[in-house]
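Written below as structure tokens is the structure these notes are about.
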Amino acid sequence: MPSMSSYLRVMAAVATFQTAQSFTPPPPTVARNPLQRITSTLHSSPTDIKPPIDDVTSSYEPPEDAIILIKPAAMSRLVELKQKRDTDPKASVDPSSPLILRMGVRNGGCSGLSYVMDFSTADDIEEEDEVDNYENEGIQCVVDAKSLLYLYGLELDFSDELIGGGFKFFNPNAEENCGCGSSFGV
11 MPSMSSYLRV
21 MAAVATFQTA
31 QSFTPPPPTV
41 ARNPLQRITS
51 TLHSSPTDIK
61 PPIDDVTSSY
71 EPPEDAIILI
81 KPAAMSRLVE
91 LKQKRDTDPK
101 ASVDPSSPLI
111 LRMGVRNGGC
121 SGLSYVMDFS
131 TADDIEEEDE
141 VDNYENEGIQ
151 CVVDAKSLLY
161 LYGLELDFSD
171 ELIGGGFKFF
181 NPNAEENCGC
191 GSSFGV
């Protein structure tokens with residue numbers, strides 16, 4: 011059994027080590043407003059400013075016969091992306107042309123199949139593709155024939171949460187889903 015003096019030597023060594031490893035933060039800078047230091051370094055650019063979304067999305071009702079049901083939050087985000095595209099001086103797109111959202115399925119992902127979502131052009135729409143037109147919003151949703159079997163009835167939603175935000179897929183055809191939310195199995 012260790013003696014009391016060896017126990018005290020170990021405790022003194024630990025205390026010395028903890029003192030040597032401690033960190034003293036630098037003194038705070040003087041600011042009248044605590045947010046002054048933060049906000050003085052923040053700047054906004056035109057891409058950071060959300061353009062106003064038309065009243066069209068506030069009265070948006072998803073059609074019942076759509077292949078993919080785009081929920082109001084997702085449609086609002088798509089209209090916002092269209093407005094950014096239309097006001098971008100570098101874009102060479104006619105503002106009156108619709109924003110074409112191509113959705114599909116490819117092999118891969120955690121559960122075997124994964125969702126693919128991208129912007130497209132009118133020239134890329136093929137004869138076999140199914141197209142949902144949202145004329146009031148200026149959006150077209152295109153699904154290729156092979157993916158139609160897996161995506162029919164899919165609900166597309168959007169969340170702006172900090173963790174797990176973005177477009178969300180709710181697929182009634184999926185027998186299993188992955189926790190990542192972007193892959194599924196049938």
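Start counting the sequence shown at 11; every next residue gets the next number (this note's numbering). By construction, the Cβ of each residue, glycine as well, lies at the ideal position given by its N, Cα and C atoms.
With 16 other Cβ atoms within 10 Å as the buried cut-off, status of residue i
i, result
"valine 89", "buried"
"serine 86", "buried"
"serine 55", "Its pLDDT being 45, under 50, serine 55 is placed unreliably in this model, and the value from its coordinates should be taken loosely. Its Cβ having fewer than 16 others within 10 Å, serine 55 is exposed."
Spatial neighbours of residue i in its chain, beta-carbon cut-off 8 Å, leaving aside the 5 residues before and after
i, result
"glutamate 138", "Asp154, Ala155"
"proline 72", "Leu79, Ile80, Lys81, Pro82, Met85"
"valine 103", "Arg95, Asp96"
"glycine 176", "Phe168, Ser169"
"leucine 52", "At leucine 52 the pLDDT is 43, less than 50, meaning the model places this residue with poor confidence; the figure from the coordinates comes in the next sentence. Closer than 8 Å at Cβ, skipping near neighbours: no residue."
Identity of the residue in the options nearest residue i by Cα
i, options, result
"proline 141", "Gly122, Leu123, Ser124, Leu161", "According to the sequence shown, residue 141 is valine rather than proline. That would be Leu161, whose Cα lies nearest to the Cα of valine 141."
"glutamate 74", "Phe177, Gly148, Ser86, Leu164", "Leu164"
"glycine 148", "Glu186, Ser106, Glu136", "Ser106"
"alanine 132", "Pro99, Met85, Leu109", "Leu109"
"tyrosine 125", "Lys94, Leu159, Asp96, Glu136", "Leu159"
"aspartate 167", "Pro99, Thr97, Phe179", "Phe179"
"lysine 92", "Asn181, Phe129, Gly118", "Phe129"
"asparagine 181", "Lys94, Thr97, Leu123", "Leu123"
"alanine 76", "Gly176, Tyr144, Asp170", "Tyr144"
Residues that DSSP places opposite residue i in a beta bridge
i, result
"valine 141", "Val152"
"serine 130", "Ile110"
"lysine 178", "Asp167"
"leucine 158", "DSSP, once it has assigned bridges, lists no residue as partnering leucine 158."
"arginine 116", "Ser124"
"isoleucine 90", "Per the sequence shown, the amino acid found at residue 90 is glutamate instead of isoleucine. DSSP output for glutamate 90 lists no bridge partner at all."
"leucine 79", "Glu165"
Sequence-distant residues of the same chain with beta carbon closer than 6 Å to residue i, five excluded per side
i, result
"serine 157", "Gly114, Val115"
"cysteine 151", "Ile78, Leu111, Asp142"
"tyrosine 70", "Pro82, Met85"
"alanine 101", "Arg95"
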